[in-house]
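Peer 1: Mind the numbering: the sequence shown is residues -27 to -1, 1 to 321 in mature numbering (1 follows the signal peptide of the UniProt record, and there is no 0), read in order.
Note that the Cβ used here is the ideal one computed from N, Cα and C, for glycine as well.
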Amino acid sequence: MTKWKEGLSGIALAAAMLGAITTTALADAGELHIYNWTDYTSDEMIKKFEAETGIKVTIDTYDSNETALAKLSSGAAGYDVMIISNDFVPIFVKQKLFQEVDAGAMPNFKNVDPKWQHRPWDPDAKYTVPWVWGTTSYSVDTAVYKGPTDSLKPLFDPPAELKGKVGMFGSPTEVMSLALVYLGKDQCNSNPADLKELDALLETQKPFVKVYNSDGIVERQVAGETVMHEQWSGKALATRQQKPTVKYVYPKEGVVGWMDNVAVPTTAPNVDNARKFLNFLMDPENIALQQKYTGYQSAIAGSNKYLAADIGGSPEFNPPADLKISFAPSCDEKAIRAYDRIWTNLRQ
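(1) How close, in whole Å, do the beta carbons of asparagine 277 and methionine 79 come, if the pair is a contact with beta carbons under 8 Å?
(2) Rounded to a whole number of angstroms, what is the C-alpha to C-alpha distance between aspartate 1 and threonine 26?
(3) Rounded to whole angstroms, how far is the Cβ of methionine 149 from the Cβ of tyrosine 312, which I believe are closer than 8 Å?
(4) Give the DSSP-derived three-state secondary structure of tyrosine 312 in the structure shown.
(5) Just tell me which of Thr317, Ala272, Val195 has its CA closest to the CA of aspartate 86.
(6) Cutting at 7 Å between CB atoms, please list the residues of its own chain near asparagine 318, excluding the five before and the five after it.
(7) Determine the DSSP secondary structure at tyrosine 266, reduced to helix, strand or coil.
(8) Who are the near neighbours of valine 195 in its chain, counting only those whose CB is closer than 7 Å to its CB and skipping five residues on each side?
(9) Can you tell which of Lys136, Asn186, Ser124 has its C-alpha closest to the C-alpha of glycine 143?
(10) Based on DSSP bridge pairs, tell me the residues matched to arginine 213.
(11) Ignore the nearest five residues each way along the sequence and tell me which others in histidine 91's own chain have a CB closer than 8 Å to its CB.
(12) Would you report the Cα separation of proline 180 and leucine 296, rounded to the nearest angstrom?
(13) Going by CA-CA distance only, name the one from Ser47, Trp94, Phe61, Gln72 that's closest to valine 248.
(14) Between the stretch 232 to 246 and the stretch 152 to 169, can you find at least three pairs of beta-carbon atoms closer than 8 Å?
(15) Considering Cα atoms alone, identify which of Gly107, Val62, Ala24 is closest to alanine 41.
(16) Here's a check: name, in chain order, each residue in its chain whose Cβ is nearer than 6 Å to the Cβ of lysine 29, leaving out the five neighbours to either side.
(17) Just to confirm the assignment, what range does the beta strand (DSSP E) spanning alanine 236 have?
(18) For tyrosine 52, name the three-state secondary structure that DSSP assigns.
(19) Would you mind sorting lysine 119 into buried or exposed? The rule is 16 or more other CB atoms within 10 Å of its CB.
(20) Look at the alpha carbon of glycine 227 and the alpha carbon of threonine 122, and state the distance between them as a whole number of angstroms.
(21) Does glutamine 204 come out as helix, strand or coil in the three-state DSSP assignment?
(22) Using three-state DSSP, classify asparagine 259 as helix, strand or coil.
(23) Using DSSP with H/G/I as helix, E/B as strand and the rest coil, what is glycine 285?
(24) Is it the case that the CB of serine 206 approaches a heavy atom of the ligand SAH more closely than 7 Å?
(25) Across which residues does DSSP place arginine 92 in a beta bridge pair?
(26) Out of Gln263, Ile309, Tyr279, point me to the one whose CA is closest to serine 15's CA.
(27) Can you give the Cα-Cα distance for aspartate 233 and glutamate 134, rounded to whole angstroms?
(28) With lysine 136 as the anchor, note down where its beta strand (DSSP E) starts and where it stops.
(29) What separation, rounded to the nearest whole angstrom, lies between the Cα atoms of valine 229 and valine 154?
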C-alpha cells in the first residue's frame, strides 16, 4: 500500500512537472500584436487562439483605412498582423508596408472558398488571407422615418425632417464610394464632370449630417442621436438586435461590397506567430467565432454551419440574390487626390 502511494506520488509529481514545463513553454510562446478596426475582433476567438498556441495577443485599433495607412507610412512599427480593406491592400503592397507570407501555401488555405482564392487585390494570395466580408448601405429607424426605403436617395438627398439626424462614415473613400453608386458613376472616378457632381451632392447633404464618424454608429442610432446612418451590414444587425425598428436598406441603385483582409506588416517583430494566426483564421470553426461577433460573411467554406439562426438567417447577412454589389477597386493617385480635395473642403 505504501509503495502504491509512493508510486502515485511519483506519477503526480511527474505530471506536475510536465504541467509546469508545458505552462512555461506556453508562457514563452511569445506575443502577437494586432492592429484592427475598432470593436472588430472577437474576444472569444482570440482566447481560443491564445489557449491553443500560448501566444499572448494585444490589440490596437483605428477608425479608417486612411488612418491605418498614415500610421504605417509614418514608420510606426511593432504590429505583427493588421486587418485592411480590399481596396487598400494594393496601396500597402505598393508602398512595401506588407511582406509576402505565401498564404496560398498554408495548410488551411484549402478551406478558402474557390471563388475567394484569387481575389483581385491579391490574386496569388501572396500577402493576405480573408477576414470577413459584407456590404455598405445605410440603416434607418423606421419608427421615426416613415418615408420610402428602396433607394439611396433619403441618405444623400434627405427630407427636411432628417436635418441633423443623418450620420456618415469618417472615411472619405467609403463615403464617396457609396455616393458614386447613388449617382450611377464609376468607382475610383477622376472624371471632372463626375467629380463636380459628387462634390455638389455631398455639399448639399452636409447640413443634414450630424456626424462624420465610423466609430460609435450602433450606440448613436440606438440612443436616437441619428435616425439614418451610413452603415455596414454587420453593424446594422447589431443595431437591430438592440432596436428592432432599425432596418438595413438594400437600395435599388446597389450597395458597396468589401472584404477585409489579414496581412503581416513588413516591420512585424513576430512573423512566425503572425503566420500561425493567419492559418488559424482559415479554419471554419475559428473564423465562425469572428462571424458570430460581427455578423459578417466569411470566405471560408463551411463556417456558416457554426452560426446561430439569428445571425446566419438574418436579412443583413443575406443580401437579395439580384442586389448589385460593387466592390470598390484600389484607386489611382489622380482619383485619390481628387477625393482628398473634396473631403477637405467638405469637412471645413
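Peer 2: Per the coordinate set shown:
(1) Along the sequence shown, one-based indexing puts residue 277 at 304. Along the sequence shown, one-based indexing puts residue 79 at 106. Contact doesn't hold; Cβ gap of about 21 Å is too wide.
(2) Position 28 of the sequence shown, counting from 1, holds the residue named residue 1. Position 53 of the sequence shown, counting from 1, holds the residue named residue 26. In this prediction, aspartate 1 has a pLDDT of 49, which is less than 50 and means its spatial position is unreliable; nothing more can be read from the coordinates.
(3) Indexing the sequence shown from 1 puts residue 149 at position 176. Indexing the sequence shown from 1 puts residue 312 at position 339. Confirmed, about 6 Å.
(4) For this step, residue 312 is matched to residue 339 along the sequence shown. Judged by DSSP in its simplified three-state form, tyrosine 312 adopts helix.
(5) For the purposes of this step, residue 86 is taken as residue 113 along the sequence shown, with counting starting at 1. Selected option, being the one with the closest Cα: Ala272.
(6) Looking up residue 318 in the sequence shown gives position 345. Excluding positions up to five away in sequence, the list is empty.
(7) For the purposes of this step, residue 266 is taken as the residue at position 293 of the sequence shown. Helix, per DSSP.
(8) In the sequence shown, residue 195 corresponds to position 222, counting from 1. Thr212, Gln215, Lys216, listed in sequence order.
(9) To locate residue 143, count along the sequence shown from 1; it is residue 170. A check of alpha carbon separations from glycine 143 across Lys136, Asn186, Ser124 identifies Asn186 as the nearest.
(10) Your numbering for residue 213 matches position 240 in the sequence shown. DSSP output for arginine 213 lists no bridge partner at all.
(11) As a first step, residue 91 must be located in the sequence shown, where it is residue number 118. Within the same chain, histidine 91 has close Cβ partners Asp97, Ala98.
(12) For the purposes of this step, residue 180 is taken as residue 207 along the sequence shown, with counting starting at 1. For the purposes of this step, residue 296 is taken as residue 323 along the sequence shown, with counting starting at 1. About 30 Å.
(13) If you number the sequence shown from 1, residue 248 lands on position 275. Note on residue identity: the sequence assigns arginine, not valine, to residue 248. It is Gln72 whose Cα lies nearest to the Cα of arginine 248.
(14) no
(15) Against the sequence shown, residue 41 aligns to sequence position 68. Of the listed residues, the one whose Cα sits closest to alanine 41 is Val62.
(16) Counting from one through the sequence shown, the residue named residue 29 turns up at place 56. Contacts found: Glu4.
(17) Numbered from its first residue, the sequence shown carries residue 236 at position 263. Taken as a continuous stretch (DSSP letters only), the beta strand (DSSP E) holding alanine 236 covers 228 to 236.
(18) Here residue 52 is taken as the residue at index 79 of the sequence shown, counted from 1. DSSP places tyrosine 52 in coil when its eight states are reduced to three.
(19) For this step, residue 119 is matched to residue 146 along the sequence shown. So lysine 119 counts as exposed.
(20) On the sequence shown, position 254 is the one that residue 227 refers to. On the sequence shown, position 149 is the one that residue 122 refers to. Each residue's alpha carbon lies about 13 Å from the other.
(21) The residue you call residue 204 lines up with position 231 of the sequence shown. Reduced to three states, the DSSP call for glutamine 204 is strand.
(22) The count along the sequence shown starts at 1 and reaches residue 259 at position 286. Reduced to three states, the DSSP call for asparagine 259 is helix.
(23) Taking the sequence shown and counting its residues from 1, one reaches residue 285 at position 312. The three-state reading of DSSP puts glycine 285 in helix, counting H, G and I together.
(24) Judged by which ligands are present, the structure shown has none, so any question about the ligand SAH falls away.
(25) Translated into positions along the sequence shown, residue 92 becomes position 119. The partner list for arginine 92 (beta bridge, DSSP) reads Asp95.
(26) Position 42 of the sequence shown, counted from the start, is the residue given in the question as residue 15. For the residues Gln263, Ile309, Tyr279, the minimum Cα distance to serine 15 belongs to Gln263.
(27) Residue numbering aside, residue 233 sits at position 260 when the sequence shown is read from its first letter. Residue numbering aside, residue 134 sits at position 161 when the sequence shown is read from its first letter. Those two C-alpha atoms are separated by around 35 Å.
(28) Start at 1 with the first residue of the sequence shown, and residue 136 comes out as number 163. Neither: lysine 136 is in no beta strand (DSSP E) and is coded neither H nor E.
(29) On the sequence shown, position 256 is the one that residue 229 refers to. On the sequence shown, position 181 is the one that residue 154 refers to. Going by the C-alpha atoms only, they are around 7 Å apart.
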